[in-house]
Structures are given as structure tokens and as C-alpha cells.
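I have placed the structure first, in the form of C-alpha cells, so that the comments after it can refer back to it.
Number of protein chains: 2
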Amino acid sequence: MHNEAHISTAFDKDLRQIEDLVVMMGGLVEKQIEDAVEVMTTRDLELADALKASDKEVDRIEQEIGELAVRLIALRQPKAQDLRAVLAAIKVAADLERIGDYTKNIAKRTHVLAQTDPIGSSAKTIARMCNLVRQMVKDVLDAYIARNIDLADEVRARDDDVDQMNNQLFRALLTYMMENASNITPCMHLLFISKNVERMGDHTTSIAEQVHFFISGELPDDERPKADLTSTAFVTPK
Amino acid sequence: MHNEAHISTAFDKDLRQIEDLVVMMGGLVEKQIEDAVEVMTTRDLELADALKASDKEVDRIEQEIGELAVRLIALRQPKAQDLRAVLAAIKVAADLERIGDYTKNIAKRTHVLAQTDPIGSSAKTIARMCNLVRQMVKDVLDAYIARNIDLADEVRARDDDVDQMNNQLFRALLTYMMENASNITPCMHLLFISKNVERMGDHTTSIAEQVHFFISGELPDDERPKADLTSTAFVTPK
Numbered sequence: 044m045h046n047e048a049h050i051s052t053a054f055d056k057d058l059r060q061i062e063d064l065v066v067m068m069g070g071l072v073e074k075q076i077e078d079a080v081e082v083m084t085t086r087d088l089e090l091a092d093a094l095k096a097s098d099k100e101v102d103r104i105e106q107e108i109g110e111l112a113v114r115l116i117a118l119r120q121p122k123a124q125d126l127r128a129v130l131a132a133i134k135v136a137a138d139l140e141r142i143g144d145y146t147k148n149i150a151k152r153t154h155v156l157a158q159t160d161p162i163g164s165s166a167k168t169i170a171r172m173c174n175l176v177r178q179m180v181k182d183v184l185d186a187y188i189a190r191n192i193d194l195a196d197e198v199r200a201r202d203d204d205v206d207q208m209n210n211q212l213f214r215a216l217l218t219y220m221m222e223n224a225s226n227i228t229p230c231m232h233l234l235f236i237s238k239n240v241e242r243m244g245d246h247t248t249s250i251a252e253q254v255h256f257f258i259s260g261e262l263p264d265d266e267r268p269k270a271d272l273t274s275t276a277f278v279t280p281k
Numbered sequence: 044m045h046n047e048a049h050i051s052t053a054f055d056k057d058l059r060q061i062e063d064l065v066v067m068m069g070g071l072v073e074k075q076i077e078d079a080v081e082v083m084t085t086r087d088l089e090l091a092d093a094l095k096a097s098d099k100e101v102d103r104i105e106q107e108i109g110e111l112a113v114r115l116i117a118l119r120q121p122k123a124q125d126l127r128a129v130l131a132a133i134k135v136a137a138d139l140e141r142i143g144d145y146t147k148n149i150a151k152r153t154h155v156l157a158q159t160d161p162i163g164s165s166a167k168t169i170a171r172m173c174n175l176v177r178q179m180v181k182d183v184l185d186a187y188i189a190r191n192i193d194l195a196d197e198v199r200a201r202d203d204d205v206d207q208m209n210n211q212l213f214r215a216l217l218t219y220m221m222e223n224a225s226n227i228t229p230c231m232h233l234l235f236i237s238k239n240v241e242r243m244g245d246h247t248t249s250i251a252e253q254v255h256f257f258i259s260g261e262l263p264d265d266e267r268p269k270a271d272l273t274s275t276a277f278v279t280p281k
């Protein structure tokens, strides 16, 4: 039999391997968001296709993390914070995978947008929203590795900015649609892209909550108010 | 020490408890979809609010399933199909929870739709799509409990119908928007609802794939072609 200290060390080593994969996955997803920004602003369709293709690698790493995590639980039967750390890795990876999926959808829709005139500065607004989310992803992974609960909470609060930009862009896009029927198809795709970025922010928030939970054993006690108001948006034509 | 047969029985009993919870959760989600149909067709805002509120119970059961499943893995260290069965329960519960979330969003948007004129027969089309998904959820859970791989595959194939209805409704809604600017706000919400139902179908497909995998140890070998074409939809005004 191993002694207590030995078991702990072996566990830590296995956990580190998993967390390294989560960080690597996070780096890929950050790059995907960066590419989404580039695709939105330049309409570079080759980059859009490369972005779509990069999704496979992200999916593969998520699966590997899941398998290693389950093996680790079955093998070492971790308790309390150790168990939470393994479960956090699974959930963080799942959220990162979803964020990657949304960037893929942006790439797809760019093929339609490239055939239409730009709608005001909406592509730039979306690029700004993406940049906020990219920084949130970077910071929340730093919080994850450093076990920094304050940074995780701070990232979680920052999602409000993304929600507010989405709310404003939503209304603006509806008015563009009302002004000119030719704007309807591109605006519809921009509405969905904006909603995608809002969801990317939500998944980053969910990572922040996982990090908070795994460090402290408790979820953040303030229920974050849902700042996405687009489900109840009502705009009337002039 | 327990003998092999004893361990197996104890595991089976624990697994049954978890699977009972998954089925109970499935029943609640079926009811949520049923309510979404009712809300879409009658615009009953009280029912919409009750539907929104029912989400908490679904979330709670998902969390309970997750906790029991992790405890079971740590305690009994299941291998091969037994391990896959426990992991399937976690993933099926996660998909069911997402399906429930989408019905909640339908309830939210109904508050706006109730202030606007109906857009052709689109509410009925969405109700029909919801009914297809509800039957898929019912059948895939039957396949899950009966370990019936053929039924799981059959449910998975059925998602095409949902995708096709979504594609058609998408184009129809865009033309309604183009015809009359007053239609834009309600059509936008209907576009998002239709997309939500399409995603509900995707999550049901994902459950079918989990069931296939957990029974056979392999994912279905045909990659299901993505039949949602709305990300590339282009409609021009007359």
C-alpha cells in the first residue's frame, strides 16, 4: 500500500496533466475567438474555413480530458477539494468546447455576410464583444490555474458588459431591418452572431463559477442577474 | 471483501436509482415541451410563467444525478459498459437540462409575442416541431431504459424532420419581415424560438448517440449530416 503522502503526490501529478490539457484547450479557444474577430472584420473566407476546421482538435482534447478525469476518479477516489478539482476540469472543458462551437458558427455565417453590404458598424461592435470574451477566457483560466477566487469573481462580473453590448446591438439591428428590407438577411445573421457571443460570455461566466466552487466548495452567493434582455426586446417601426 | 456477484448487484442497484432519476427528469422535460406547445398556441402567460419556474426542479435533479454518479464511480470503480452506463446518465441528464432551458426561453419570448399579431401559421408550425421533439425525447428515454440501440438510432434519424421544418420556417419568417416592417419584432422572436426547437432536437440526437455508445461501446459510424441550413440562409426582398 502507498502511504498518504505518496497517494497525494500521484493524484497531484495526474491532476496536473489534466489541467495542462485544459489550459492548452483554452489557448486554442482563445485563438478561435481571435480568428472570429479577424473573420468578422476582414470577411476572410479562407480564415473562416480554417476556423471551422480547428474545432475538431478542440473536441478531441475535451474528450481526452473527460477520459483522463474519469480514470483518475475511479483510480484514486479523490474526496472533497480533490474531487471538485477533477470535476471542475471536466466542466471547464465542456464550456470551452461550447465557446469554440460558437466561433465555428460565426465562421459559417460569414460566408453569407460576405455577400452583403456591411450594416453600419455592427461587425466592429461584434469584434469588440469577442475581444472582451477572449480576455475573460484568458483571465478565468489564469484564475483557474492560480486558484484565484477573486479574479474568477471579477471575470464573472465582467460579463455584464458583453450582455449590454448585445442588448444595444440587438435593438440597432432591428431598426436597420425596419429601415430597409435588403438589410433583413444580413441583420438576421448578425443577430444570431451577437447572441452567440453573448452565449460565449455566459459559458465563460459558468467557468468562473466552477472555479469559485472548486476552490471554496460553495457557489458564488449572489445570483448574477440575467443582463441579456433580448428575449423580451420589442422594437416598433417609425 | 464482497464477492464479484455481490459487487455487481450493489452496483446495479445504485445505477438503477440514478437511471430512475434520469427517467423522472425526462418526464418533467416532456411536460415542459408539452407546456411550450400550449404556450405557443394559446399565449397563456400564466402557464408561460409556470413553465419558467419549473426549470429549478429540473436543474436540481440534474445536480443530484451528477452527485450520485460521481459517488458511484469513486465507490465501485466500474469498468467498460458499467462505467459507460454511469457516464451516459450524466450526459443524458445534461442534455435534458439544456432542452428544459430552451422551453424556458420560449416561455419568455411569449410575453413579447402576446403583444403582437400572429405571423401566419408559424406558431402552429413551431408547436408541431415541439411535438416531434417531445415524442423523440419520450422514445429515446424508452431506448435508454430498454437498452434498445435500434430505437435510439431511429430517433436520431428523425431529427431531420425537425431541421427541415426549421429551415422552411426560417425562410418564411424572413419573407414576412420583408413584407411588413411591423412583423420584424415578432418574426425575430419566432426565428429564435424555431432555432431553440432545432437545438432541442440536436440535444435529443445527442442523447440517442450516448445511448448507442453506452450499449455498444462505439459511436454511430455514419456522421449525421447537419441538416440545419439556417446559418447559410439568404433571402432577398422581392
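For the protein sequence lines, the chains are U and Z, in the order given.
According to this note's numbering, the stretch in the first sequence is residues 44 to 281, in order.
According to this note's numbering, the stretch in the second sequence is residues 44 to 281, in order.
Where is the CB? At the ideal position from N, CA and C, for every residue including glycine.
It should be emphasised that the depicted structure is a prediction, and the values quoted were computed from it without experimental measurement.
Presumed contact (8 Å Cβ cut-off) between residue i and residue j, rounded CB distance
{"i": "L115 (chain U)", "j": "D185 (chain U)", "result": "Going by Cβ atoms, the distance from L115 (chain U) to D185 (chain U) rounds to 23 Å, so no, they are not a contact pair."}
{"i": "I133 (chain U)", "j": "A112 (chain U)", "result": "5 Å"}
{"i": "S259 (chain U)", "j": "I149 (chain U)", "result": "Wrong, their Cβ atoms sit about 34 Å apart, outside the cutoff."}
{"i": "A79 (chain Z)", "j": "C173 (chain Z)", "result": "5 Å"}
{"i": "D15 (chain U)", "j": "I61 (chain U)", "result": "Outside the modelled stretch of chain U, which goes from 44 to 281, sits residue 15 (chain U), for which no answer is possible."}
{"i": "V82 (chain Z)", "j": "A91 (chain Z)", "result": "5 Å"}
{"i": "I236 (chain Z)", "j": "M220 (chain U)", "result": "About 17 Å; that fails the 8 Å criterion."}
{"i": "R214 (chain U)", "j": "V278 (chain U)", "result": "6 Å"}
Simplified DSSP state of residue i, which is helix, strand or coil
{"i": "L262 (chain Z)", "result": "coil"}
{"i": "Q158 (chain U)", "result": "coil"}
{"i": "K151 (chain U)", "result": "helix"}
{"i": "P121 (chain Z)", "result": "coil"}
{"i": "N210 (chain Z)", "result": "helix"}
{"i": "A137 (chain U)", "result": "helix"}
{"i": "T247 (chain U)", "result": "helix"}
{"i": "S165 (chain U)", "result": "helix"}
{"i": "A270 (chain Z)", "result": "coil"}
{"i": "R12 (chain U)", "result": "In the structure displayed, chain U extends from 44 to 281; residue 12 (chain U) sits before or after that span and is not available."}
{"i": "S97 (chain U)", "result": "coil"}
{"i": "N239 (chain U)", "result": "helix"}
{"i": "F257 (chain U)", "result": "helix"}
{"i": "A25 (chain Z)", "result": "Any question about residue 25 (chain Z) goes unanswered here, given that chain Z covers just 44 to 281."}
{"i": "K56 (chain U)", "result": "helix"}
{"i": "K74 (chain U)", "result": "helix"}
{"i": "D87 (chain U)", "result": "coil"}
{"i": "R190 (chain U)", "result": "coil"}
{"i": "N282 (chain Z)", "result": "Residue 282 (chain Z) is absent from the model: chain Z starts at 44 and stops at 281."}
7 Å Cβ cutoff, residue i in contact with chain U
{"i": "A117 (chain Z)", "result": "yes"}
{"i": "V155 (chain Z)", "result": "yes"}
{"i": "N209 (chain Z)", "result": "no"}
{"i": "V278 (chain Z)", "result": "yes"}
{"i": "N191 (chain Z)", "result": "no"}
{"i": "T146 (chain Z)", "result": "no"}
Cβ of residue i within 7 Å of any chain Z Cβ
{"i": "I227 (chain U)", "result": "yes"}
{"i": "T84 (chain U)", "result": "no"}
{"i": "E266 (chain U)", "result": "no"}
{"i": "T248 (chain U)", "result": "no"}
{"i": "S259 (chain U)", "result": "no"}
{"i": "T52 (chain U)", "result": "no"}
{"i": "L194 (chain U)", "result": "no"}
{"i": "M221 (chain U)", "result": "yes"}
{"i": "A224 (chain U)", "result": "yes"}
{"i": "L212 (chain U)", "result": "no"}
{"i": "L217 (chain U)", "result": "yes"}
{"i": "S237 (chain U)", "result": "no"}
Distance between residue j and residue i (C-alpha atoms, nearest Å)
{"i": "Q253 (chain U)", "j": "L126 (chain Z)", "result": "24 Å"}
{"i": "T84 (chain Z)", "j": "I162 (chain Z)", "result": "12 Å"}
{"i": "A195 (chain U)", "j": "V183 (chain U)", "result": "6 Å"}
{"i": "R86 (chain U)", "j": "D206 (chain U)", "result": "24 Å"}
{"i": "N239 (chain Z)", "j": "A53 (chain U)", "result": "44 Å"}
{"i": "D98 (chain Z)", "j": "Q106 (chain Z)", "result": "13 Å"}
{"i": "M208 (chain U)", "j": "V72 (chain U)", "result": "22 Å"}
{"i": "S274 (chain Z)", "j": "H232 (chain U)", "result": "7 Å"}
{"i": "H246 (chain Z)", "j": "E140 (chain U)", "result": "15 Å"}
{"i": "A270 (chain U)", "j": "E77 (chain Z)", "result": "28 Å"}
{"i": "R242 (chain Z)", "j": "D63 (chain Z)", "result": "25 Å"}
{"i": "T153 (chain U)", "j": "A123 (chain Z)", "result": "43 Å"}
{"i": "L217 (chain U)", "j": "K147 (chain U)", "result": "24 Å"}
{"i": "V65 (chain Z)", "j": "V135 (chain Z)", "result": "8 Å"}
{"i": "A294 (chain U)", "j": "Q120 (chain Z)", "result": "It is not possible to answer for residue 294 (chain U), since the shown part of chain U is limited to 44 through 281."}
{"i": "R199 (chain U)", "j": "F256 (chain Z)", "result": "35 Å"}
Residues in the segment 152-178 of chain U having any Cβ partner in chain Z nearer than 9 Å: Residues of the segment 152-178 of chain U with a C-beta less than 9 Å from any C-beta of chain Z: R152, H154, V155, Q158 and T159, listed in chain order.
Near-chain Z residues of the segment 93-123 of chain U (beta-carbon distance less than 7 Å), N- to C-terminal order: V113, I116, A117 and Q120
Selection of the segment 52-73 of chain Z by Cβ proximity to chain U, strictly under 7 Å: none
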